[in-house]
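Contents: one structure, followed by commentary.
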Amino acid sequence: MYAVACWGARKISLDQFYLPAGVRVAALLICPPRLWPYLLLGEYAYFAQMRVPMIGKYGWLWVVLGSAFLMPAVAMIVRLHRRMMAGTTDIWLVSVAIASAAAATTINITASHLLWPIPPSIPPLSSAARMFLGDFIAILTVALPALLWTRRRSEPEWSRRFMVPTLGAIGLTLLLGLSATVMAPETAGAKASVLLLMALPAIALTCMHGWRGAAIGVPLLNLIIHMTTPSSGHPESFDAETFATQQSMAVLSIALLALGSSISYYRQQYRARALAEEAARALARTSQISTEMHLKERALHLREIGDGIDASLSQVMTWLQSHGHHDTAIDLLRASAKHARQFREQTSLLYPTSLEQLGLYLTMQTGGLRQTWEETHRVTRPRLAGNPCHLSVELQLAAYRTLSDAVSLLLGQETGQLSIQTRCGRVREQRGIVMVVALLDRGRALSWATTDLAREQLTARVLAHGGRVHCRHNRIRILLRETALPVPQRSETLLRTGFA
Numbered sequence: 006m007y008a009v010a011c012w013g014a015r016k017i018s019l020d021q022f023y024l025p026a027g028v029r030v031a032a033l034l035i036c037p038p039r040l041w042p043y044l045l046l047g048e049y050a051y052f053a054q055m056r057v058p059m060i061g062k063y064g065w066l067w068v069v070l071g072s073a074f075l076m077p078a079v080a081m082i083v084r085l086h087r088r089m090m091a092g093t094t095d096i097w098l099v100s101v102a103i104a105s106a107a108a109a110t111t112i113n114i115t116a117s118h119l120l121w122p123i124p125p126s127i128p129p130l131s132s133a134a135r136m137f138l139g140d141f142i143a144i145l146t147v148a149l150p151a152l153l154w155t156r157r158r159s160e161p162e163w164s165r166r167f168m169v170p171t172l173g174a175i176g177l178t179l180l181l182g183l184s185a186t187v188m189a190p191e192t193a194g195a196k197a198s199v200l201l202l203m204a205l206p207a208i209a210l211t212c213m214h215g216w217r218g219a220a221i222g223v224p225l226l227n228l229i230i231h232m233t234t235p236s237s238g239h240p241e242s243f244d245a246e247t248f249a250t251q252q253s254m255a256v257l258s259i260a261l262l263a264l265g266s267s268i269s270y271y272r273q274q275y276r277a278r279a280l281a282e283e284a285a286r287a288l289a290r291t292s293q294i295s296t297e298m299h300l301k302e303r304a305l306h307l308r309e310i311g312d313g314i315d316a317s318l319s320q321v322m323t324w325l326q327s328h329g330h331h332d333t334a335i336d337l338l339r340a341s342a343k344h345a346r347q348f349r350e351q352t353s354l355l356y357p358t359s360l361e362q363l364g365l366y367l368t369m370q371t372g373g374l375r376q377t378w379e380e381t382h383r384v385t386r387p388r389l390a391g392n393p394c395h396l397s398v399e400l401q402l403a404a405y406r407t408l409s410d411a412v413s414l415l416l417g418q419e420t421g422q423l424s425i426q427t428r429c430g431r432v433r434e435q436r437g438i439v440m441v442v443a444l445l446d447r448g449r450a451l452s453w454a455t456t457d458l459a460r461e462q463l464t465a466r467v468l469a470h471g472g473r474v475h476c477r478h479n480r481i482r483i484l485l486r487e488t489a490l491p492v493p494q495r496s497e498t499l500l501r502t503g504f505a
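In the numbering used here, the protein residues as written are 6 to 505.
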C-alpha cells in the first residue's frame, strides 16, 4: 500500500512539489516503529519499479545506492524526534520537515553527481534549492493531515468550535484557489496576489483552532498552489513564478505552525489551570459540606436536648399545678418559654435547619441571626429581592454563612449603622445571589484593615462557589454562583438527609 501511495503521489508531483517525500514522513509518523521494516520494503518496491528501467541510462550503482539510504535516513530523523512528539507543542514537525528535506536532497544530489555517467546539467545549488523546497512543502502538505488524523480523538471538542467560521474560511480558500486557476497566463501578477490572499483564511483557521487550524490551512494552500502551477507534464518541469510564491508560502507555513503551536499550548495550559481550579473548588466545597454536616448533627442533638428539657419542665409545671402552686407554675412557664426561645435561636446560629424547608430569606427573618442583629441596634431591616428557593440548599447555606460573617466583621471593625441588600436571580442560564453589606453613612469609607480582613475571611468560601468579594468605598459586595461541578448533587443530598 505504501508503494502504491508513493507511485500515485509521484504521478502528480513536480521536483518543486515532491509528494512522495511527504508520504514517506507521514507513513513514519502514523505507523509504529515495529512496522517500519514493512515501510522500508515498500520504499524499495517503489524505487524498483521506477528506477530499474533506468539502469541502462544511469547505471546500477546509482539505482541501488541512490535508493537504499533515503528511508533509513528519514526514519532515523523521525526516531530522534520521538521524544519531542510527546511534548507540549507541535513545532517539532517543522524540524522533522527541514531535516528530512535536507537529508533527501543531500542524498539525491550527491548520488546524481557522483554516480551518473553524465552529471546533471543543472547547477547543484539550483537543483538543491528546488528539491529541498519541493520536499519541505510536500512534507508539510501530507504529514500535517496525517498528524491531525492520529490525534483526532485527543481533543474531541475542537471540531465543534467555530463551525461556521471554519467552513467559511475553507470555502473562501477554495474560492480564491478556483479564481487563481481560471486566470489567464498573462495575469501572473494578479494570480500571485490571489494566491497570497489565501493566507488570510489560513491565518484565521490557525487563530481559531491552534495547530489543528494550521494543519488544515497549510496543506490546503500548498495543494492549491500546486494545482495552479504551469507544468509540461514532466516531473522536472519548473515554473519560476510559482517557485517564488512557494518560498513565501514556506515561510508562512513555518510561521503559522509556530503560531498555532503557541496558541494550542497556551490554550492547553489555560484548560489545565481551569480544571485544577475546579478541582480545588470542588475539594473546598466538599470540606465545607463536611463541616456543615457536623454542625447539623450537633444542632439536631441540641434540639433533642432542648425538647427533653421542655418535656421535663412541662411535667414539673403539671405537678406544681396539681398541688396548687399555680403562681410558681406560671413563673416557671414564662421563664422556660424565654430560655427555650433563646436556646433555639442559638441552635439556629449553629446550623439553620429551617433553611432547608423555608429558604434563605425566611430563615434570616425568623432565626437567631435576625435576633442577634436586632440586639446590636446597628443593623437596619434587610432588603431582600428574588426567590432564593430557586438556588440549591448548598448555595443558600453558603450565602447564609458568608452574610453572617460579613455583618459580624463590619460590626466589629466599623462604627455606625449597617444596611443589608440581597438579590437572587439568573444571568445567562446561571443562577446566583448578590449580597451587599454597607455602612449606612455613604460619606464614610471602609478602613484598609476592614478591607483586608474581609478579603482574607470571606474569599475562601466565596471562591469555592465560583464567586468573588469586592470591597469598595463603604460596602462589601459578595457574589455567589451555582457552579457546574459534580459536587453539588451529592452535597445537596448530604444536607437534606444528614448522612453520607
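Heads up, the beta-carbon is just placed ideally off N, CA and C, and yes, glycines get one too.
None of these values were measured; they are calculated from a predicted model.
Assigned exposure category for residue i - 16 Cβ within 10 Å defines buried
{"i": "Lys62", "result": "exposed"}
{"i": "Asp140", "result": "buried"}
{"i": "Leu415", "result": "buried"}
{"i": "Ala465", "result": "exposed"}
{"i": "Asp95", "result": "buried"}
{"i": "Thr296", "result": "exposed"}
{"i": "His231", "result": "buried"}
{"i": "Ser132", "result": "buried"}
{"i": "Met59", "result": "exposed"}
{"i": "Ser72", "result": "buried"}
{"i": "Arg290", "result": "buried"}
{"i": "Met6", "result": "exposed"}
Separation of residue j from residue i, as counted between CA atoms
{"i": "Pro357", "j": "Thr368", "result": "7 angstroms"}
{"i": "Lys343", "j": "Leu363", "result": "23 angstroms"}
{"i": "Arg272", "j": "Leu264", "result": "12 angstroms"}
{"i": "Trp67", "j": "Pro125", "result": "13 angstroms"}
{"i": "Gly218", "j": "Pro128", "result": "38 angstroms"}
{"i": "Leu528", "j": "Ile229", "result": "With the chain covering 6 to 505 only, the question about residue 528 has no answer from this structure."}
{"i": "His86", "j": "Leu149", "result": "15 angstroms"}
{"i": "Arg276", "j": "Leu485", "result": "22 angstroms"}
{"i": "Met168", "j": "Gly391", "result": "38 angstroms"}
{"i": "Leu130", "j": "Leu205", "result": "32 angstroms"}
{"i": "Leu172", "j": "Pro224", "result": "16 angstroms"}
{"i": "Leu325", "j": "Leu300", "result": "37 angstroms"}
{"i": "Pro459", "j": "Arg482", "result": "The question names Pro, yet the displayed sequence has Ala at residue 459. Approximately 10 angstroms, taken between the alpha carbons."}
{"i": "Arg383", "j": "Arg375", "result": "12 angstroms"}
{"i": "Val30", "j": "His214", "result": "24 angstroms"}
{"i": "Gln320", "j": "Leu338", "result": "11 angstroms"}
{"i": "Ser159", "j": "Gly64", "result": "49 angstroms"}
Contact set for residue i: own chain, Cβ-Cβ below 8 angstroms, skip 5 residues either direction
{"i": "Met55", "result": "Trp12, Arg15"}
{"i": "Tyr405", "result": "Pro357, Leu360, Leu365, Thr368, Met369, Leu374"}
Sequence-distant residues of the same chain with beta carbon closer than 7 angstroms to residue i, five excluded per side
{"i": "Thr456", "result": "Cys476"}
{"i": "Ala8", "result": "Gly47, Ala50, Tyr51"}
{"i": "Leu179", "result": "none"}
{"i": "Leu153", "result": "Arg217, Ala220"}
{"i": "Gln251", "result": "Gln21, Leu138, Ile142, Ile230"}
{"i": "Ser424", "result": "Thr385, Ala443, Leu445"}
{"i": "Ala10", "result": "Val28"}
C-beta atoms of residue i and residue j nearer than 8 angstroms
{"i": "Gly373", "j": "Leu354", "result": "yes"}
{"i": "Ala44", "j": "Cys36", "result": "Note on identity: in this sequence residue 44 is Leu, with Ala being the wrong assignment. Their beta carbons are under 8 angstroms apart, which means Leu44 touches Cys36 by this criterion."}
{"i": "Ala116", "j": "Ile82", "result": "no"}
{"i": "Val441", "j": "Arg480", "result": "yes"}
{"i": "Thr211", "j": "Ile123", "result": "no"}
{"i": "Leu451", "j": "Glu399", "result": "no"}
{"i": "Phe248", "j": "Gln435", "result": "no"}
{"i": "His395", "j": "Cys429", "result": "yes"}
{"i": "Thr234", "j": "Lys196", "result": "no"}
{"i": "Leu145", "j": "Ala102", "result": "yes"}
{"i": "Phe243", "j": "Arg135", "result": "yes"}
{"i": "Ala151", "j": "Leu34", "result": "yes"}
{"i": "Gln426", "j": "Arg388", "result": "yes"}
{"i": "Arg349", "j": "Gly311", "result": "yes"}
{"i": "Met203", "j": "Leu183", "result": "no"}
Collapsed DSSP secondary structure at residue i in the structure displayed
{"i": "Ser424", "result": "strand"}
{"i": "Gln2", "result": "Since the first and last residues shown for the chain are 6 and 505, residue 2 lies out of range."}
{"i": "Ile17", "result": "coil"}
{"i": "Gly430", "result": "strand"}
{"i": "Ala133", "result": "helix"}
{"i": "His395", "result": "helix"}
{"i": "Phe22", "result": "strand"}
{"i": "Ile144", "result": "helix"}
{"i": "Arg466", "result": "helix"}
{"i": "Cys36", "result": "coil"}
{"i": "His344", "result": "helix"}
{"i": "His475", "result": "strand"}
{"i": "Met203", "result": "coil"}
{"i": "Gly388", "result": "The sequence given here has Arg at residue 388, not Gly. It is a strand residue."}
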